[in-house]
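For reference, the structure is listed below as C-alpha cells.
In this note's numbering, the protein residues as written are 344 to 846.
Okay, here's the thing in C-alpha cells:
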C-alpha cells in the first residue's frame, strides 16, 4: 500500500515543472492534468476499498464454514440457517452480528469475537456490535483489548449508562481503580442502577478510602442487605480500625452470589438463544460457586444427556466430580474432553491441576506445555507451571515463567509475590523486597506480600519497614498463627545476624 500511495504522489508531482517552462503550460492543460491525477487517485482509493471489502467478505464467508457438530441439534439447525443467509448477503452487518450472538450463547466464543469485529467493520456507526465484542473480550480475560473496544463503543453511544458500568468493572479488575471510579461516577449520572454506587464503593476501598466506602454503602438501600455488600462493609470497617466490628460481620457471612446490573442491550442477546441450554449451564456454574454440588450435578447430567459432547458441560462435570471427591470419574471426563477437543486448552489446564495435586508433576507439566502451545497468551498456564517448578525448588526456571506471565498480565499481585519468593530462595533479597512492594501497589491488602516483605526487610536489616509490613498484614486480616510464625522467623534471622557479627 505504501508503494501504491507513492505512485499517486509521483503522478501529482510530475505535473509540476521544475523550471520556468511551467509558466508556458496552458490553464486548460494544467486543469486536464489535475483532473487526470484526481481520477487516478479516486480509482486507486476505490481499488483499495474494494480490496478491503474482498478481505471482509472472505472473513465473513469463513464464518459460515464453522463446524458446530458438538452443539445441540437445534443449535446446529439455527446456525445452518444463518450460514445460508450470510452466504447470500455477506455484507449484511446485522446478519453477521446476530450469528455472532448465536455463536456466543452456544459456546463458540472465539467465532463470536470474529463475527462482532466484522459486523463492526460493516456497520461502523452501530453501537451494539462493538459493545458485545468488548463484553466478550472481558469475559475471556483479554482486559486491555476489552477496555479499548469499550472506548470505541462508548464513543458511539456515550449516554448508555450500563456501558460505563461494564467498562468500570473491567478497569477495577485490571487494578486501574481511579479510572474505574470515574466510570462508575459517570454511570451514576446516566442511570439509577444501584450498581453504579456499588462500583464506586469497590473502587474507593481499593483506593484505601474506607470512610468514603462506607458512606457510599449507606446509600444503597435494599442492595445493602446482599451478602457481597455486607462483606465489603466488613472489610471497610477493618481498614478503618474497627477490627472487632468488621471481623464479627465478616465471620458470620455465608457465601454470596455475584451482584449484577441491568443492561437491556446485553440482555437482548438472549432472544437468540435456541433453547435454555446455556441458561442452565450458567445456573450450574452458580450452584458450583455456592457449593451445592448435588444440584449442579443433576443439571449437568441432564445437559450431558442432551449434548453428550458439549465441551463446557464436560469441563463443569469434571470439576463437580473432583469437588465431590470422585477423582476417577473427574479424570476420566477430562481425558475424554482432551480426546474430543485436543485444542481446547481449558481441559489441559484443568487436568494439570488435577494431576499436580496428586503428585504427577511430569504429566501435569506436559499438559501445561501443550496448553501454552495452543495459546501462548494463557498467563495462568505459565503460573501453574511456575508453581510446579517452585515445588521442585527450581527457582530460576520458575522465575522465567513468572516473568512471561507478568508480561502478559501485569496487574496481578500474586504473580509479583511468587516471583519475589523465587528471588528470595535465590538469595536476591533486594529484588524480592521490590517485587513484594510492587504487589502491594497493585493490591494494598495482599496479606502474602506483607508477610514476605516483612521477612525480606528483616533480612535486609530494615527493621522499620519490616514492622510496617507486619502491621499491614495484621490490618488486613492475617491469621494470628501466621503472624506468630513470621515473628519467630524474624527472631531467628536477628540471632543469626548477631552471631555473625560476634564471630
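Don't be surprised by glycine CBs; every beta carbon is placed ideally from N, CA and C.
The model shown is predicted, which means the values in this text are computed figures rather than measured ones.
Rounding to the nearest angstrom, what Cα-Cα distance links residue i and residue j in this structure?
i: residue 461; j: residue 444; result: 13 Å
i: residue 623; j: residue 632; result: 14 Å
i: residue 709; j: residue 741; result: 15 Å
i: residue 556; j: residue 429; result: 50 Å
i: residue 543; j: residue 494; result: 19 Å
i: residue 465; j: residue 504; result: 25 Å
i: residue 850; j: residue 415; result: No answer is possible for residue 850: the residues shown for the chain start at 344 and end at 846.
i: residue 830; j: residue 668; result: 37 Å
i: residue 722; j: residue 753; result: 10 Å
i: residue 627; j: residue 621; result: 10 Å
i: residue 674; j: residue 817; result: 40 Å
i: residue 450; j: residue 625; result: 12 Å
i: residue 607; j: residue 743; result: 45 Å
i: residue 826; j: residue 813; result: 8 Å
i: residue 833; j: residue 807; result: 13 Å
i: residue 635; j: residue 499; result: 42 Å
i: residue 687; j: residue 745; result: 23 Å
i: residue 698; j: residue 516; result: 29 Å
i: residue 596; j: residue 637; result: 22 Å
i: residue 560; j: residue 568; result: 10 Å
i: residue 540; j: residue 492; result: 24 Å
i: residue 800; j: residue 788; result: 18 Å
i: residue 664; j: residue 398; result: 46 Å
i: residue 836; j: residue 538; result: 48 Å
i: residue 629; j: residue 715; result: 28 Å
i: residue 497; j: residue 490; result: 10 Å
i: residue 602; j: residue 558; result: 19 Å
i: residue 839; j: residue 798; result: 14 Å
With DSSP collapsed to three states, give me the class of residue i.
i: residue 517; result: coil
i: residue 408; result: coil
i: residue 485; result: coil
i: residue 637; result: helix
i: residue 799; result: helix
i: residue 617; result: coil
i: residue 414; result: coil
i: residue 686; result: coil
i: residue 476; result: helix
i: residue 719; result: coil
i: residue 807; result: helix
i: residue 759; result: helix
i: residue 770; result: coil
i: residue 650; result: coil
i: residue 556; result: helix
i: residue 670; result: helix
i: residue 511; result: helix
i: residue 664; result: helix
i: residue 738; result: helix
i: residue 562; result: coil
i: residue 829; result: helix
i: residue 579; result: helix
i: residue 835; result: helix
Verify whether the separation of the beta carbon atoms of residue i and residue j is less than 9 Å.
i: residue 780; j: residue 792; result: yes
i: residue 456; j: residue 471; result: no
i: residue 545; j: residue 583; result: no
i: residue 581; j: residue 563; result: no
i: residue 404; j: residue 425; result: no
i: residue 536; j: residue 508; result: yes
i: residue 724; j: residue 711; result: yes
i: residue 400; j: residue 434; result: yes
i: residue 821; j: residue 802; result: no
i: residue 502; j: residue 533; result: yes
i: residue 796; j: residue 810; result: no
i: residue 409; j: residue 447; result: no
i: residue 756; j: residue 785; result: yes
i: residue 677; j: residue 652; result: no
i: residue 452; j: residue 482; result: yes
i: residue 548; j: residue 578; result: yes
i: residue 758; j: residue 726; result: yes
i: residue 805; j: residue 776; result: yes
i: residue 530; j: residue 518; result: no
i: residue 654; j: residue 690; result: yes
i: residue 463; j: residue 436; result: yes
Check whether the Cβ of residue i sits closer than 8 Å to any heavy atom of the ligand FMN, and report yes or no.
i: residue 680; result: As for the ligand FMN, it is missing from this structure, which has no ligand bound.
*May I ask you to verify whether the region 642-652 touches the region 604-615, counting CB pairs closer than 8 Å and requiring at least 3?*
Too few Cβ pairs lie closer than 8 Å, so no.
_Between the region 654-672 and the region 417-431, can you find at least three pairs of beta-carbon atoms closer than 8 Å?_
Contact fails: fewer than three Cβ-Cβ distances are below 8 Å.
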